[in-house]
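Asks: Let me give you the structure first, and then I'll get to my questions.
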Amino acid sequence: MSVDSGSAGMAARLGIKPGMVVQELGWDEDADEDLRDSIVDLSGSEMVDEDTDEVADVVLLWWREDDGDLVDALVDAIASLADDGVVWLLVPKSGRPGHVEPGDVTEAAPTAGLAQTSSISAAKDWSGIRLVTPKTARTRR
Numbered sequence: 326m327s328v329d330s331g332s333a334g335m336a337a338r339l340g341i342k343p344g345m346v347v348q349e350l351g352w353d354e355d356a357d358e359d360l361r362d363s364i365v366d367l368s369g370s371e372m373v374d375e376d377t378d379e380v381a382d383v384v385l386l387w388w389r390e391d392d393g394d395l396v397d398a399l400v401d402a403i404a405s406l407a408d409d410g411v412v413w414l415l416v417p418k419s420g421r422p423g424h425v426e427p428g429d430v431t432e433a434a435p436t437a438g439l440a441q442t443s444s445i446s447a448a449k450d451w452s453g454i455r456l457v458t459p460k461t462a463r464t465r466r
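So this is what it looks like as structure tokens:
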């Protein structure tokens, strides 16, 4: 399947590059299929799930207000993340069903050992919040 430059740009905004291992967590029927397809096309391989033994360059975590404990989900998300990897927390945009308050993310990320670096419009109904392991934590591992 060929992706037009507009949808390829969706994956590129997430920093996806050819050859990257992308792990997807929290998929449900409301996930944006155009974004998913663009990630597969740009990375050159299918996304892996939570059962993978591979080290992920990027973890894509779809998250909604009623999905449970965000700290636990973020801790799970970094379990197979490369030292210099990125977690993209994808949450429904404001006004959409399942919207997550920004304060919830601001509170949960540091508790899980992550730092929030930026936010983008990842897809029509989804915001992307870029989370990384702070450099000081990486050197202690």
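Its first residue numbered 326, the sequence shown is counted upward by one per residue in the numbering used here.
C-beta atoms are modelled at their ideal positions from N, C-alpha and C, and glycine is treated no differently.
1. Does D392 come out as helix, strand or coil in the three-state DSSP assignment?
2. How many Å lie between I341 and S443 at the Cα?
3. State the beta-bridge partners of E349 as determined by DSSP.
4. Helix or strand or just coil, what does DSSP make of A440?
5. Looking only at C-alpha atoms, which of V411, S446, A448, G423 sits nearest to A434?
6. By how many angstroms is the C-alpha of G420 removed from the C-alpha of R463?
7. For V416, does the three-state DSSP call read helix, strand or coil?
8. Using a Cβ-Cβ cutoff of less than 6 Å, which residues in the same chain neighbour A407 once the five nearest sequence positions on both sides are dropped?
9. Would you mind reading off the limits of the alpha helix (DSSP H) that contains V457?
Replies: In brief:
1. coil
2. 15 Å
3. L385
4. strand
5. Considering only alpha carbons, the answer is V411.
6. Low confidence applies to R463: its pLDDT is 46, below 50, so where it sits in the model is not reliable enough to give any reading.
7. Here V416 sits in strand by DSSP.
8. V380, D382
9. Note, V457: premise wrong, no alpha helix (DSSP H); beta strand (DSSP E) at 451 to 457.
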